[in-house]
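Counting from 94, one number per residue, gives the positions in the sequence shown under the numbering used here.
Note that CB positions come from ideal geometry on N, CA and C, so glycine has one too.
Just so you know, these numbers come straight off a predicted model, no measurement behind them.
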Amino acid sequence: MTTFRPTSDESLLPPSHSKPPQRSGSPRSHARITRYIIGIYILVSALIVCGSAMLIQQDRVRQDHAQAIQLSSLTRTLQEYISRALSETNLAMSALRNDAYQTHSLPAATQTRALREIASRLVAEHAQLAVLAIQPAGAREAIIVRQPGTPQSLMPPKPSSLDHAPSLPFQVLSPIRDPGGKWFLPIHLGFRASQTDAPGSVLALLNLDYIEAFYQDIRLTPDDKIHLLDATGKHLMSFPASHDAIGKAVAPASRLVGLELIRSGITRTTLSIDGDAHIGAFSKLREFPLIVGTSRSQAVADSEFFEMRRRLVLASIILILMLGLLSWLIHYDIGRREVARQALRELNTSLEERVRQRTAELELSNRELMAFSYSVSHDLRAPLRAINGFAHALKDDHLDQLDTQGQDYLDRIYRASLRMGDLIDELLSLANVSRAPLKHQTIDLAEISREIIEELRIASPERAVEFRSPEKLLAEGDEALLRNALTNLLNNAWKFTRSRRPAEISLSAEPEATQVKYVLEDNGVGFDMAHAKRLFQPFQQLHVNQGYGGTGIGLASVRRIIERHGGQIWAEAVPDAGARFIFILPRHANVLRRRERTAS
């Protein structure tokens, strides 16, 4: 069965009036949001700065600890190396001294020859000894043995310039340099053959190349230095060589040892070397009156920390800038939305004002049209009554004076006047349908339909019509208007089923989520869907000259009533197979009630 849904060319619902929307924002609230954003930005930025400062401080501590561990490890290794070298030198010098004791009673020439042989053997066994010399007690000249390749001009200090105090049997003297610029570390070992004998001396020159080779192996950075200091804290030698520092005090010995102990007797301190700040780790040798240590430029030691600090600061700045950009974008977006909301509020206000003006104009136009309709109705009814009255009088008083054709004309005039009166009544009814206010209430469409069918049965008792409907069909709407719509629909069904035996009419409903679909069905003559567009238009009839009568206003009134209730109506039919009129009404009329209250 084909379906026809009419299109409405005008809105039949009363205009919707609503209050302007509540303002969701204001300059004051926007300023408050701005303050919140700025406060959050400052708080998060402060947290970033504090977090970065804590990370920098932790990195400072970590770097200092790492530097201290590295330098202490170097110092411990240097301590072991220097102690071993000095111990070997001391053993060699002690062996030569002991031989001097044993050969003390021999003739001078024999003693000299024996001591030279022993010294030569010791020099050959100990590569760190550049020169080994001994001056026995009472001897005028020292016995000197040199490593091969050592310049003959390289001479140890004269024994007469040395301190032979018994309390200083082992002395490390200030370094000396040969004509070629190489440095050597003098070591003196004094002795006496007996309490009455003159003092004797064993002298050795320690080749500092031996220590420099060790330095090349252990240094971690090009700027690392190793130091050998005497017991008072004065420089004896360092690598890389620092000639100007030799003999100068690096720091008091009390500061270099015994303070800020790292572990195993190693002390960390800060000192100035060659005018530059250095950090160092120093330790006192247990068996010799020397202090050894390693140092590193403060700038080199702090370079990794400074690089890390630079990265952290840069990352913090970038993060704060990005946070600032994000805050600005949020603020900009809120401002843009506020401007849009303000523009929308102004537009709504303007639109509502235009709607109110238009509504007032429409209401005035409706009142004028209603007045015009009643005026036209009154003006048309007066001559129509005259035509009807004179036609009736002519029929009663002068009918025998008219021939057959005249009587037919008179009958047509009379029927046309009656039809004209019906049309005027229907037009006024259609105007009332479009403009009468809606009074919503809950009504029973099934009960109203049964009442209308009963009235039709009373008017046509000869008809046998079977009507079916549920016990109740509740709906919300205007009772008078919906009764009018059902009257027109049931009148049509009653009229177009007069040739059926038996005639069948039914009313049913199909509830949905937000609406209810009602179906009025009959087994009448139906109609051709090709002409369905004319069905709900005023003064349009699909069964003209078929004896069914009517003015063509009924279905137009039905459509306007349904649309005023927020619904729609359409028809489905097949010729000689009946018709179905389907109309939909909202389940609840809240929206329509709101519009009616606003309009009132």
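Task: Ile646, DSSP secondary structure in three states - done: coil
- [ ] List the DSSP bridge partners of Ser376.
- [x] Val385
Open item on the list: Just to confirm, is the Cβ distance from Leu383 to Leu282 under 8 Å?
Closed with: no
Task: Alpha-carbon spacing of Gly660 relative to Thr607, whole angstroms - done: 11 Å
- [ ] Return helix, strand or coil for Ala670, following the three-state DSSP convention.
- [x] coil
Open item on the list: Using a Cβ distance threshold of 8 Å, determine whether the segment 378-396 contacts the segment 150-167, with at least three qualifying pairs required.
Closed with: yes
- [ ] Classify Asp317 as helix, strand or coil using the three-state DSSP reduction.
- [x] coil
- [ ] Check whether the Cβ atoms of Gln240 and Leu222 sit closer than 8 Å, and answer yes or no.
- [x] yes
TODO: Pick helix, strand or coil for Leu694, following the three-state DSSP scheme.
DONE: Past the edges of the chain, shown from 94 to 693, lies residue 694, and the structure says nothing about it.
Task: Nearest candidate by alpha-carbon position, reference Gln245, set Ala453, Val224 and Ile427 - done: Val224
Open item on the list: Tell me which residues share the same chain as Thr127 and place their Cβ nearer than 7 Å to its Cβ, disregarding the 5 neighbours each side in the sequence.
Closed with: His424
Task: 6 Å Cβ shell around Ser331 - same chain, five flanking residues per side excluded - done: Lys318 and His320
- [ ] May I ask which residues mark the beginning and end of the alpha helix (DSSP H) holding Asn300?
- [x] No alpha helix (DSSP H) contains Asn300, which is instead part of the beta strand (DSSP E) from Pro292 to Asn300.
- [ ] Assign Ile432 to buried or exposed, taking buried as 16 or more other Cβ atoms, counted over all protein chains shown, within 10 Å of its Cβ.
- [x] Per the sequence shown, the amino acid found at residue 432 is Val instead of Ile. So Val432 ends up on the exposed side.
- [ ] Give the DSSP-derived three-state secondary structure of Lys588 in the structure shown.
- [x] helix
TODO: Have a look at the DSSP bridge pairing and note the partners of Gln534.
DONE: Gly570
TODO: Spatial neighbours of Glu234 within its chain, please: CB distance less than 8 Å, with the 5 preceding and 5 following residues excluded, ordered by chain position.
DONE: Gln228
TODO: Count the C-beta pairs between the segment 177-190 and the segment 292-299 that are closer than 8 Å, then say yes if the count reaches three, no if not.
DONE: yes
Open item on the list: Within 10 Å of its beta-carbon, does Ile211 have 16 or more other beta-carbons around it, so buried, or fewer, so exposed?
Closed with: buried
Task: Identity of the residue in Leu628, Leu575 and Asp621 nearest Arg657 by Cα - done: Leu575
Open item on the list: Check this for me: beta carbons of Ser420 and Tyr134, under 8 Å apart or not?
Closed with: yes
- [ ] Could you check the C-alpha separation between Asn577 and Asp518 for me, to the nearest Å?
- [x] 14 Å
Open item on the list: With distance defined between alpha-carbon atoms, name the residue in Gly242, Arg478, Arg209 and Thr325 nearest to Leu266.
Closed with: Thr325
- [ ] Report the option in Val618, Ala178 and Met248 whose CA atom is closest to the CA atom of Ala220.
- [x] Ala178
Task: Range of the contiguous beta strand (DSSP E) that encloses Leu225 - done: Leu222 to Gln228
TODO: Confirm, please, whether the CB-CB distance from Arg593 to Gly617 is below 8 Å.
DONE: yes
Open item on the list: If you follow the beta strand (DSSP E) that Gln608 is in, where does it begin and where does it stop?
Closed with: Gln608 to Asp615
Open item on the list: Measuring only the C-alpha atoms, how far is Ala453 from Glu446?
Closed with: 11 Å
- [ ] Can you give me the start and stop residues for the beta strand (DSSP E) that Val558 sits inside?
- [x] Val558 to Arg561
Open item on the list: On the DSSP letters alone, give me the boundaries of the beta strand (DSSP E) that Met265 sits inside.
Closed with: The sequence shown places Val at residue 265, not Met. Its beta strand (DSSP E) spans residues Phe263 to Val265.
Open item on the list: If I follow the unbroken beta strand (DSSP E) through Ala235, where does it start and stop?
Closed with: Segment: none, Ala235 is in no beta strand (DSSP E) and carries neither H nor E.
Task: Residue range of the unbroken beta strand (DSSP E) whose run includes Arg285 - done: Trp276 to Arg285
Open item on the list: So, does the segment 495-511 touch the segment 564-572, judging by three or more C-beta pairs under 8 Å?
Closed with: no
Task: Where Lys488 falls: helix, strand or coil (DSSP) - done: helix
TODO: Could you tell me the boundaries of the alpha helix (DSSP H) in which Ala602 lies?
DONE: Careful: Ala602 lies outside any alpha helix (DSSP H), inside the beta strand (DSSP E) at Ala596 to Pro604.
- [ ] Could you give the DSSP three-state label for Lys769: helix, strand or coil?
- [x] Since the first and last residues shown for the chain are 94 and 693, residue 769 lies out of range.
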